[in-house]
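Those sequence lines, one after another, are chains F, X, E, U and G.
Position 33 of the first sequence, counted from 1, bears residue number 79 in this note's numbering, the numbering being contiguous throughout.
Position 573 of the second sequence, counted from 1, bears residue number 605 in this note's numbering, the numbering being contiguous throughout.
Position 2 of the third sequence, counted from 1, bears residue number 27 in this note's numbering, the numbering being contiguous throughout.
Position 190 of the fourth sequence, counted from 1, bears residue number 602 in this note's numbering, the numbering being contiguous throughout.
Position 172 of the fifth sequence, counted from 1, bears residue number 402 in this note's numbering, the numbering being contiguous throughout.
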Amino acid sequence: MRAENYQAVTHPESHEFELNFGPNHPGIEGNYALKVRVNGDKIVAAKADGGYLHRGFEKLMEGRLWIQNIALVPRICVPDPVPMEMCYALGVEDLCQFEVPERANWLRVLQLELSRIAAHLFTFGGHAATVGMYSNMFWGIADRDLILDMFEQMTGGRVYHMYTIPGGVRRDVGVEQLDKISDLLDYLEKRLSDYDNLFFNNKIFIQRARDTGILTPKQALSWGVTGPNLRACGLAFDVRRDDAYLCYDQIDFDIATETAGDALARNLVRRKELAQSIYIVRQVIDYLKKDKSTHIRCQIPNPLAWKVPAGETYTRVESSKGELSFYIVSNGGEKPYRVHVRGPSSMHAVQVLEKLVTGGRLEDVAQIMFSLDACPPEVDR
Amino acid sequence: MSKIKLKVQQEAISHASKGSMLRPFKALAFLGRKPVTEALQARIAADIYRGFHLNDWDKCIGCSTCHTICDNAAIQMVYIPDLPSDLLAGKKPFRPAIDYGRCCWCGLCVDICPTGSLALSKEYIHTCTEDHIDSYFILPDPKGMHKQPFEKGWEKSDQTDLLLHHRQTMQQLPALERIQNFDEIVQGFTDQAAFEEASRCIQCGFCHDACPAQMHAPEYIRAIWEHNFEQAVTQIYRTNPFPNVCGRVCTHRCESACAMQVRGEAIAIRWLKRYAIDKVPHARVKALVSQSEISKPDNNLSVAIIGAGPAGLTAAFDLVQQGHKVKVFEAADKAGGMMRYGIPEYRLPADKLDEDIAIITSMGVEIVCNTIVGKDVSMEDIVTEYDAVLLATGLQQGRSSRIPGSNHKNVYSAIELLAKIKRQEDFIIPHKAVIIGGGNVAMDIARSLARLQQQYYANINIIVTTLETKDAMLADDSEKREALEEGIVLENSRGPLECMVCDDETLEGLKTVACLTVFDKEGRFHPQYDYTDEVIYSADMVVEAIGQNTVLAFLGDTITEQLEWQQGKIKVDNEGHTALEWLWSVGDMVKGSDVIHAIAKGHQVAKSIDTYLQNIKVFS
Amino acid sequence: MVWDQDKEATKDNYASQTIVLDQILHELDTLNIEQKNNQRFRVDVSAEALPALLSLLKGRAGYTQLSAISCVDWEDEFELVYHLWSYETKVLVSAHIRIQYTPAVYVSVYDIYTPAGFFERDIYEMYGVYFEGSPMMEKFILTEWHGPAPMLKSFDTLKYVNDMFNWQEYQPDWLKEIQAKGGKVVS
Amino acid sequence: MKDVIPIQTNNTETIAVSKNSKNIYQQAIDTFSNFCRARSLFVLHYCTGCGAIELPPAMTSRFDMERLGIQPMVTPRQADILLITGYVSIKTLKRVILTYEQMQGPKYVIGICSCTVNGGMYWQSYATAKVLSEYLPVDMYIAGCMPRPEAVLTGLQQLMKKIEKGEANSWENYFKRYDYYLGNQQHLFGDTWHTPTDILEEARHYHLYGAESTGNNTARLIKYTVEHDLTKLDAPLREKDSMTKRGKK
Amino acid sequence: MSGQHIFLELILMPLLAFMIGLFLVLMMRKVRARIERRVGPPFLQPLWDIIKLYVKKMQISHGVIHDLGIIMLLGGYITAEVFLPVPGMSGFTSQGDIITLIYLMMVPSLGLALGVGQCANPNGSIGISRALTAMLAYDIPFIVVIAGACLYYGTTDLTEIIALQKSQQWGLLSMPILALAGLIAIHAMLGKEPFEIYVAPAEIATGPMVEMSGKYLGSLFVMQCLQIYTITVLYTSLFLGGGYTWFDFIPKLFLVALLPVMITVIFPRYKTDDVLRWLWKWPTGLALLGLAIVVLQG
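Here is the structure:
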């Protein structure tokens with residue numbers, strides 16, 4: 047009788063053996079597993095093993111009312127839940143032909159971008175921890191927590207906000223709150239220089255991350271890589287710009303890119319994106335302060351008697367991990383007929399990770415996974 | 033959008049940079065700085081934090097909407113016998129209990145709560161060991177989970193409210209237009225309005241419980257929302273054979289119990305019923321109703337029903353469905369009783385009533401009109417010919433105030449006058465009329481007279497005197513409002529003293545005094561007058577609308593003696609069964625005085641008669 | 026690579042997009058195109074013609090990204106939806122095909138689009154639709170699941186859960202008190 | 413009926429250790445041991461579900477678990493506390509049980525979030541286990557979906573108090589009521605379910621063998637292992653293990 | 231020196247080493263905490279950890295060799311303590327010289343390798359192979375540094391070295407390059423970032439410690455205390471004049487430990503081959519340069 051995670055070392059002729067990365071392993075992001083075949087320190091083959099976080103979201107959503115699903119969707123991706131809510135709401139709005147008030151759209155952008163900042167801080171931290179630099183992780187998570195405080199004050203929840211609902215948002219955000227966010231942004235900007243000193247200009251980190259897990263633009267496109275990982279290959283694609291939703295077409299921002307396509311480039315793209323997000327949030331705050339409207343939601347039907355017209359829609363949102371899409375089918379009923387979630391990590395954490403890890407070194411497995419910002423709950427759903 | 037400069041220039045980090053061995057040392061400065069760690073004491077949560085539940089038991093009505101919306105089945109309703117229950121006012125002794133082994137703190141229960149009693153507090157810490165796992169199942173009250181003074185966090189506000197509180201507007205004829213004739217005032221919902229109105233329903237079922245006939249209102253409202261009108265009609269016919277009537281003139285107890293009216297306007301259940309029945313063609317309704325299964329094959333047992341009012345016809349409808357032969361004897365020329373002769377045309381057009389009665393007769397009920405029991409057919413014949421007899425004669429006779437002068441020929445009882453108007457019999461339309469009474473009948477006669485005045489004299493002069501104050505009047509608010517719109521004058525808190533008759537035997541007017549209180553301390557009717565405050569309203573007609581009596585002379589002496597009597601009424605048990613084994617009594621003559629109560633009684637008595645007849649079958 | 030971000034230019038792209046799709050329409054006669062808005066096209070195509078359509082779209086129209094493959098169970102047949110995104114024209118084309126319920130088999134498009142591997146495996150696990158020629162058809166998420174394909178409409182998850190699991194039974198003091206008075210949990 | 417000989421044979425070495433039998437020195441040592449145990453807790457770093465997202469804040473600078481003597485540890489062997497952070501899918505539950513069995517007693521399980529109590533959000537899901545305490549003995553529950561770091565810290569402090577009082581002994585129940593837990597595990601994973609750790613052997617070794625340790629379910633397990641010759645296969649390893657186990661009583 | 235006295239020293243020296251080691255570990259954790267902007271562990275936390283591990287009720291061993299390895303590891307350091315002079319106590323310093331000490335300091339690593347090899351966990355095996363690789367990397371500069379210092383002082387007896395420094399000047403001043411190389415080498419010996427290749431939680435799940443539980447892990451914690459003590463005392467004795475009294479000795483120890491600890495917090499770890507390359511390039515180069523200077527001077 048043997049546990050999967052507890053295998054004796056066998057010494058076959060080839061000197062190869064199997065090593066389980068996860069599910070219970072600090073080098074894996076979340077509850078996920080990677081079975082690697084190792085020859086010395088070199089990885090000969092890798093196979094991802096998911097399903098540890100499988101809850102059957104898509105099935106559950108078919109069994110719940112349209113409104114009830116707003117509580118379910120954010121749980122698909124834990125570190126960055128807002129885009130999930132957003133994507134679902136956009137889909138339902140598209141099917142119902144709702145006219146969402148302008149203010150609600152800007153509030154949504156505020157949420158999305160704050161969530162992106164939080165997620166990127168988390169990812170830096172995780173990436174730093176995989177190479178043994180815990181201080182950066184401690185800093186990143188502590189600073190992320192300040193954003194969670196803002197979320198708590200705006201939405202009533204720290205991690206799962208359930209703030210965006212089809213038709214608008216659930217609460218307005220007052221001027222005082224906007225000032226607080228503004229102060230937090232100032233603080234974060236100051237902190238960025240600390241991160242630059244400690245982490246992004248750290249020689250040893252750069253040495254480790256450079257040329258690790260290189261993706262060429264061609265590979266990235268053909269493997270379905272999206273988001274910061276794609277932008278790190280020099281391709282300036284961003285759903286916010288290409289397939290604009292909400293009011294992103296009225297907002298000024300740059301698409302951060304790098305050209306090298308390695309772990310370092312991916313990290314730097316996130317670092318630049320973080321600064322861009324701060325810039326976006328400032329614009330949003332500026333708008334919200336000037337805007338005197340209090341209309342934050344269009345009239346939605348009684349949630350207990352709400353049928354969405356039959357039809358199908360494919361909505362896409364740029365999450366901190368990449369392109370997130372929902373394919374929502376309604377048969378005109380009170381519950382969704384089918385919801386298909388395409389998490390960005392379903393590409394990154396499986397095929398791309400397997401391919402990048404193979405041929406690399408054991409030291410780099412965790413780093414590659416974190417640099418891809420793979421989020422297992424999105425894969426397992 | 034004005035350009036906003038980033039305050040700190042973002043550092044240019046280059047992928048090509050080799051990094052520095054020395055720059056990380058700057059981080060050592062944090063050795064001398066204060067940690068950012070929070071104190072061990074848990075922080076106070078944000079103002080709108082979604083923590084553990086609070087429930088204001090005084091506000092909560094036990095509607096279980098929170099239970100319905102909860103996506104995790106975390107909310108269960110608990111029946112607490114101690115709590116006050118008032119089905120008519122929409123209060124049930126149920127309170128939500130919450131399972132924290134399921135809850136996800138989404139706050140949907142708070143946002144949907146029709147009363148706003150549920151809220152989430154700022155309290156967020158609860159730990160327990162395996163032995164105390166029961167503490168995960170709580171009955172929220174205003175004190176909070178651990179009886180700690182935590183403030184409310186996430187509360188219902190107008191912004192978060194998920195319910196639709198405003199009723200769809202019903203198209204009605206404007207006062208100036210409707211006063212010209214007896215056309216129906218209420219125009220009925222448009223398709224869109226009916227759909228929107230039906231979609232407001234939260235399916236709490238309070239209407240079902242408040243309705244005397246226990247109508248399946250949630251079901252038919254939902255069916256209307258689903259555009260399944262035939263289903264709606266089927267649901268209505270489960271308990272009510274008079275949808276056209278009730279869809280127009282029901283006193284809608286359901287709407288005053290509706291959970292939605294706590295913070296908004298009740299669902300227009302009555303209008304929805306009307307919409308549903310209007311939507312389905314008459315022939316189709318007939319087909320639908322005849323589809324309903326008839327439980328037993330015909331047998332030789334038969335029932336006679338005296339009086340074709342709502343109670344009698346409902347009982348007839350039920351009994352026919354249960355496989356009995358039913359014959360209804362009606363004194364008037366047409367069936368319908370008070371529905372036909374007591375309700376003005378502008379509220380209930382006669383053809384709509386005919387439709388309902390046509391459905392009932394199509395089921396096999398035989399109605400014999402113009403047949404007065406005791407005159408055209410003797411009571412004894414009926415008793416011998418039929419296995420069971422139901423008295424459903426209703427209250428045919430207007431009650432008199434018996435004040436001096438009330439026996440003058442120009443002093444009418446409202447019920448008598450309404451019938452005259454409905455039958456289009458001739459009578460002298462008064463130039464000035466005074467009506468005594470503040471109920472719906474008073475309003476009916478006042479508004480009917482007003483229409484006639486408008487038609488003949490183009491001038492309305494009608495005064496309604498009531499004992500009660502304007503707010504305490506028995507008439508519906510809508511009736512009062514519409515009467516005032518139509519130019520009728522309300523004189524509240526006036527007690528009638530005398531119908532002033534001139535020497536030439538013409539009616540001069542009504543002398544009234546101020547009424548101080550209507551009921552005594554024990555709640556009995558015992559008005560107190562202030563005789564110093566005396567006002568005379570001149571009139572050439574006085575109408576008394578202060579209630580009705582029943583006439584049961586046709587029963588004959590033998591039966592009258594065999595029956596037990598109570599305060600001038602036949603004594604019956606709860607099911608309308610009299611002291612005689614084969615005789616039942618029902619309708620307005622027993623209790624209450626509106627259509628839906630009569631229908632409810634009709635069902636009840638039909639059930640009782642059916643049981644009786646079944647037993648007979650067993651013996652024979 | 027230079028990608029045009031100018032809005033005016035992208036408008037032209039939409040126009041040209043319609044032309045390209047029209048051309049493809051002429052080549053594949055079983056095609057039905059519906060434009061939902063500027064950036065969404067729905068294409069209904071017969072199952073046999075789909076691989077050809079995808080090749081054409083990828084090769085000629087620049088639809089380099091397969092965003093997702095969605096499967097819908099219509100209880101008598103399966104609908105497969107291939108969502109294709111073009112980075113150049115910024116248009117999403119959803120190609121819909123219907124395949125029979127039993128045996129649920131279709132061909133893999135892994136050769137055309139690598140990401141298809143993941144989605145095809147996922148659909149095989151969740152719906153039991155087999156993709157011939159897909160390189161990774163072994164289980165991934167449901168490796169330790171032995172029941173029917175769970176996403177099928179015929180699989181009732183609530184019934185399964187009630188059969189398989191017990192629920193926590195609570196007996197708190199307040200409930201005992203209420204029960205002593207005749208109250209109970211009603212729903 | 414007296415002639416009937418009980419079938420139970422070789423498993424009868426149950427030793428009842430009553431509290432009174434301890435002398436004052438042993439009691440003093442126990443008190444001191446519990447004092448130290450309560451002050452040093454190693455948490456297994458295993459994110460089973462979404463509640464794990466609130467653990468990094470609890471561990472890092474903002475809420476700093478280390479000031480309470482709590483540290484994350486990366487392998488089950490080193491850890492004292494198994495945090496079940498939210499729902500456990502059935503696939504994960506198998507690993508959780510393996511992990512739990514690999515941990516060394518005294519060991520504690522904390523169930524965080526709604527999902528560990530009654531299924532939580534995913535009560536309809538075919539893929540998640542509903543009531544955690546059916547499969548593992550749980551010491552402490554922390555309510556929330558998910559609980560905030562403050563709540564997690566409070567829960568841990570409560571557990572510390574319990575340990576200091578010497579009341580956190582639920583891990584012994586796993587040995588004493590192994591049949592019950594194994595039965596529930598078998599119900600979920602099938603009759604062929606087995607783990608590399610020989611719980612019955614360990615129970616005997618540590619004198620935690622109780623009347624409910626064995627039963628129909630363990631009989632099924634033993635039958636399976638004998639049939640599939642798993643005992644023989646691992647015999648040297650197991651022998652070696654049991655020979656060298658030298659735990660305290 | 232009476233037998234009784236030496237017996238007392240034999241008991242007292244490891245005990246003191248353990249106690250000071252505890253505080254060095256505490257300091258390490260505190261410094262890390264402060265740079266990470268948090269409060270850090272309570273005062274006696276390292277002690278509670280160790281006691282807790284020793285009173286675990288269940289223990290799993292992986293065989294005799296496993297036990298033996300742990301005994302070797304602990305014994306190696308305990309023995310090493312009595313060869314390290316501290317103020318007022320010199321133990322066996324004069325009987326066994328610095329060469330003996332270096333030998334003793336290698337025993338624990340071998341013991342660990344022996345013990346972990348029995349655990350049958352691939353992570354442990356990889357960890358141990360990395361640990362031995364790292365040992366190969368840091369031992370070369372370390373031995374060169376020791377050789378240089380011994381050459382400079384002309385003796386291998388630590389008490390004499392201390393006395394010499396008292397009369398002349400500290401080794402730090404007389405041979406700064408060697409002192410620098412030595413500092414880097416002892417940092418590598420501590421196995422902290424950037425040289426933390428054999429623990430590397432994110433890669434091999436703490437490597438050698440992966441199967442350690444209860445008292446085995448406790449022993450490793452004790453070893454950590456003794457190791458950091460041994461290394462700092464050795465460095466202090468060689469380059470900072472050793473201890474004249476406890477009042478200047480202990481601050482010196484903490485100062486020596488502080489520098490590696492601070493560097494640990496602000497750098498990630500190297501890859502295995504980078505460790506080899508870096509340690510053989512920089513500290514070895516410096517040590518050889520220092521040695522050359524000593525030789526040329528001498």
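Note that CB positions come from ideal geometry on N, CA and C, so glycine has one too.
| Query | Result |
| --- | --- |
| Exposed unless 16 or more other CB atoms sit within 10 angstroms - verdict on ASN530 (chain U) | buried |
| Ordered list of alpha helix (DSSP H) runs contained in the segment 385–439 of chain G, each at least 4 residues | 388–397, 401–404, 406–420, 431–434 |
| For TRP199 (chain E), three-class secondary structure by DSSP | helix |
| Sequence-distant residues of the same chain with beta carbon closer than 6 Å to MET258 (chain G), five excluded per side | VAL491 |
| GLY634 (chain X) beta carbon less than 8 Å from that of THR346 (chain X) | yes |
| Continuous alpha helix (DSSP H) stretch holding THR176 (chain F): start and end | 148–176 |
| LEU256 (chain G) vs PRO276 (chain G) beta-carbon contact at 8 Å | yes |
| Chain F contacts made by the segment 475–506 of chain G, where a contact means CB separation under 8 Å | VAL495, ILE496, PHE497, PRO498, ARG499, TYR500, LYS501, THR502, ASP504 |
| Helix, strand or coil at CYS102 (chain X) according to DSSP, with G and I counted as helix | coil |
| Sequence-distant residues of its chain with Cβ nearer than 6 Å to GLU113 (chain E) (five each side left out) | GLY87 |
| Distance, GLU131 (chain F) Cα to GLY83 (chain X) Cα | 21 Å |
| For ALA78 (chain X) and GLU183 (chain X), the rounded distance between their alpha carbons | 10 Å |
| Which residues DSSP lists as bridging TRP5 (chain X), in chain order | Residue 5 (chain X) is absent from the structure shown; chain X starts at 33 and stops at 652. |
| For TYR444 (chain X), the first and last residue of its enclosing beta strand (DSSP E) | 443–445 |
| Amino acids of chain E, ordered along the chain, whose beta-carbon sits closer than 8 Å to that of MET109 (chain X) | VAL210, VAL211, SER212 |
| Span separating the alpha-carbon of GLN60 (chain E) from that of VAL106 (chain E) | 16 Å |
| Uninterrupted alpha helix (DSSP H) stretches inside the segment 105–172 of chain X (no shorter than 4 residues) | 140–144 |
| Min CB distance THR139 (chain E) to chain U below 8 Å | no |
| Best match in X:THR497, X:GLU417, X:MET202, X:ALA245 for proximity to LEU529 (chain X) [C-alpha to C-alpha] | X:THR497 |
| Buried/exposed call for ARG556 (chain X), threshold 16 Cβ in 10 Å | exposed |
| Sequence-distant residues of its chain with Cβ nearer than 7 Å to ALA577 (chain X) (five each side left out) | ALA446, ILE467, ILE468, GLY469, GLY471, VAL473, ALA474, ILE477 |
| Beta-carbon contacts of ALA412 (chain F) that lie in its chain and below 6 Å, excluding the five residues immediately before and after | GLY73, THR176 |
| Other residues of its chain near PRO424 (chain G): CB distance less than 6 Å, five sequence neighbours each side excluded | PHE497, ARG499, TYR500 |
| Limits of the unbroken alpha helix (DSSP H) element including ILE496 (chain G) | 476–496 |
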